[in-house]
Amino acid sequence: MQTSTCQMVGECRMPEHAVLPQPLYREVVQFIEALPQKEGHLVTVLHKAQSVFGYLPIEVQQFVADHMEVPLAQVYGVVSFYTFFTMVPKGKHPISICMGTACFVKGADKVVHAFKEQLKIDIGDVTPDGKFSIDTLRCVGGCALAPIVMVGDKVYGNVTPGQVKKILADF
Amino acid sequence: MAATTQIKQLRIATRNCGFIDPESLDDYIALRGYEALAKVLTMTPAEVVEVIKTSGLRGRGGGGFPTGVKWGIALSNKADQKYMVCNADEGDPGAFMDRAVLEGDPHSVVEAMAIGGYAIGATLGAVYIRAEYPLAIKRLRLAIDDARAMGLLGKNIFGSGFDFDIEIKYGAGAFVCGEETALIRSMEGHRGEPVSKPPFPAQSGYWNKPTIVNNVETFANIPAIILKGADWFSSIGTATSKGTKVFALAGKIVNVGLVEVPMGTPLREVIFDIGGGCPDGKEFKAVQTGGPSGGALAHKDLDVAIDYESLIARKSMMGSGGMVVMDEDDCMVSVAKFFLDFTMDETCGKCTPCRIGSKRLYEILDKITKGHGTHADLARLKSLCEAIKDTALCGLGQTMPNPILSTMDTFAGEYEAHVTQKKCPAHVCTAMLTYTIDAAKCTGCTLCTKVCPVDCITGTKKQPHVIDASKCIKCGACYDKCKFDSVIKL
Ligand SMILES: Cc1cc2nc3c(=O)[nH]c(=O)nc-3n(C[C@H](O)[C@H](O)[C@H](O)COP(=O)(O)O)c2cc1C
Ligand code: SF4
Ligand code: SF4
Ligand code: SF4
Ligand code: FES
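Top line first, the protein sequences correspond to chains A and B. So for the first sequence, the UniProt record's numbering puts the first residue at 1; every next one is plus one. So for the second sequence, the UniProt record's numbering puts the first residue at 1; every next one is plus one.
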């Protein structure tokens, strides 16, 4: 399953205009101003911006580009390169299913399938009510408890397809 | 982390993990912490490099390059600024050695980086750590702050005139950033695309200055070597591989968790004596070492004495230490396909053999697992693998064919069954699978009819049931539910 690479099919639900609260922008500016220098810190700033806004729409990328004094294309290049950065908002409770090797041999693919069935959405998508989104990731280092599922900060280990309903009911 | 048995283990890199409070500098100091740094500052940098060379320590990040030799190159390269970098990207999915060290004993890495900095003449260090490890980040940050507050980092350490400080840089979920040139690009805030070598980072790396990149576990060995001596370290292990190696046991194994054993320990001891073999009485089938860059070792390899050379000789590699165990229920073609799905996703796209090649390899494997493979596909798979190995720019692309080549070699019969008989011997590939009910065993308990999502199982109570194969979606629910083992996979 392709989780990171843009296929340019235009189905990514990138919002046309994201109107985001001004105080959040101020938080990012303060962070940038506190850096020892700007050069070399683009990834650091994008980490901060994503933790503040939850995602990195074009408006935020433009804002970061302006304040870091680099072209927008460079910011977009970095954002689109790393799977950790997302240009679309996630669900209120983002579900991350580990598809690392250990989780895979312990049946993580069946767990992914069960989540897709239950929520009737695909990987990378958000439920229509905005409550859940599903993503896969590659190893959180908890392989001893494989397969691992995270919902927000909450970690579930040894997950079976049968437990999926119960996990969703926690939220 | 699940504790594993202590038998046959020897802990050097993980010597303090679990024994000290990782958030307490006092605890670390009580176990001779920072004594190695103090000792090193009374030696010349060349002497330090010599000790590491003599110890025979080789990089634990995968490549196995002699650490002392690497440091020597950076020492001899004159520059106004050099950098000591710790690679804590731990990209192999299914491995967690570095995470355990950083969470369990962060000061050992901090101390070792300062030692390395002194040895090569670097006053600045950086740790590149993956964002998926929040606890490790927190503890490392605390360790650096505490060390700085105690004067163990910063200006004029131990009054020696040596300055050293460490910054933390975060990964953002890209496997290729574990490759050292990509890692450096990423630390500079760019897309993490590898660049061709030479120049090697030891000549021109972070901000174009001589830079040494070492793995977390490599660093964790350094203070012990300085304190106990190069001869002590080189007395452990095999002729070419000294010391110990930490492995992360995961997958279908009873004792999941970390083990640290001397180099040269037979694979069998790790998997069976320490790991306890496969759970539920299942038959051991293979163990993947080296992650997506490595290969599968099988029964025939169990008596191999683990070291860098012996694993390469068996078409796998040491890698960073992930060991994912598979049992009789795993299909090796599907496992190879899983790894290709991974590399296809993680290729940085800079060079064609890797970007396009990964996709083509995946497509062929997908075709085989769907029951449409031919002998020509197997031949194509092999030649494409060889071509990619020879032409890809970085280690990611060059090693991507390994899981395919090694499984094609060791499990040739399984590939053969997929293409000629159109059968998956492990009953994993659903396209080639049929579920039926053994009428002799079926008690007619009706349980399976209740779980079948498409209602394709019929039969009267207490009479043998039947599956309508034309409607069955092969979900396996009946197989899991039947208490009498009457549902069989063919
Ligand atoms: C695709 C790829 C991924 C890598 N990932 C890692 C990694 O996650 N951690 C690591 O320490 N080394 C990794 N390496 C190896 C590094 O490039 C480098 O050789 C190593 O960090 C050097 O440290 P060492 O000599 O102490 O092993 C990777 C190499 C490649 C080609
Ligand atoms: S081999 Fe793959 S990962 Fe490495 S530079 Fe080429 S495309 Fe990028
Ligand atoms: S669950 Fe098993 S025993 Fe019961 S009806 Fe189905 S196949 Fe027969
Ligand atoms: S495998 Fe699934 S669909 Fe097929 S008979 Fe069993 S329960 Fe029904
Ligand atoms: S493979 Fe899933 S946590 Fe490591």
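Beta carbons are placed, not taken as given, at the ideal position from N, Cα and C, and that holds for glycine.
The beta carbon of S76/B is closer than 7 Å to none in its chain, skipping five residues each way along the sequence. G125/B is bridged by DSSP to M84/B and I166/B. Counting only Cβ-Cβ distances below 7 Å, F85/A has contacts in chain B at A172, in chain order. Taking 8 Å as the cut-off, one finds no heavy atom of ligand 2 near enough to the beta carbon of C456/B.
Residue state for V246/B is assigned as strand, using DSSP reduced to three classes. Between ligand 4 and the CB of I488/B, the shortest heavy atom gap is not smaller than 8 Å. Put simply, of A440/B, F338/B, G116/B and H418/B the residue whose alpha carbon is nearest the alpha carbon of T101/A is F338/B.
Judged by DSSP secondary structure, G295/B falls within the beta strand (DSSP E) whose first and last residues are G295 to A298. Taking a cut-off of 8 Å on C-beta distances, the stretch 38–51 of chain A touches the stretch 188–205 of chain B, as three or more cross pairs fall below it. Nearest in C-alpha terms to A220/B, of all of R11/B, A95/B, A477/B and H465/B, is R11/B. Annotation: the stretch 353–434 of chain B contains the following complete segments of the alpha helix (DSSP H) (minimum length 4 residues), in chain order: 375–391, 395–399, 402–410 and 412–416. A distance of 9 Å or more separates the beta carbons of C98/A and P134/B. Note on H427/B: 16 or more other CB atoms within 10 angstroms of its CB, so buried under the neighbour-count rule.
Taking C-beta atoms as the reference points, L297/B and L267/B count as a pair closer than 9 Å. Interface residue (Cβ-Cβ distance to chain A less than 9 Å): P292/B is classified as such. The Cβ of H93/A sits no closer than 9 Å to any Cβ of chain B.
K154/A has its CB no nearer than 8 Å to any heavy atom of ligand 1.
Of the residues G237/B, E328/B and C429/B, the one whose Cα lies closest to the Cα of Y308/B is G237/B. 9 Å or more divides the Cβ of R26/A from the Cβ of F175/B. Identification of chain A residues near M326/B by a Cβ-Cβ cut-off of 7 Å yields V105, ordered along the chain.
Per DSSP, T136/A is one residue of the beta strand (DSSP E) stretching across F132 to L137.
The shortest C-alpha to C-alpha distance from G264/B to any of F284/B, A126/B, T240/B and E283/B is the one to T240/B.
Around the beta carbon of L140/B, a 10 Å sphere encloses 16 or more other beta carbons of the protein chains shown; the residue is thus reported as buried. Closest option to A143/B, judged by alpha-carbon separation, among L102/B, G121/B and A131/B: L102/B. Pairwise C-beta distances place the stretch 158–172 of chain B in contact with the stretch 115–133 of chain B, as three or more of them are shorter than 8 Å. Beta-carbon to beta-carbon, Y362/B and D341/B are separated by about 6 Å, close enough to satisfy the 8 Å threshold.
For ligand 4, a non-hydrogen atom lies closer than 8 Å to the CB of Y479/B. Rounded to whole angstroms, the Cβ separation of I115/B and V40/B is 5 Å, and the two are in contact under 8 Å.
The continuous stretches of beta strand (DSSP E) do not include P106/B, which lies in the alpha helix (DSSP H) extending over residues P106 to I120. Remark: C-beta atoms of F171/A and K131/A approach each other more closely than 9 Å. Checking the 8 Å criterion, the Cβ of K389/B is out of range of every heavy atom belonging to ligand 1. With the criterion set as a beta carbon lying under 9 Å from some beta carbon of chain A, the members of the stretch 113–133 of chain B are R130, A131, E132 and Y133, in sequence order. Not a single heavy atom of ligand 4 lies less than 8 Å from the C-beta of V428/B.
Collapsing the DSSP output to three states places E260/B in a strand.
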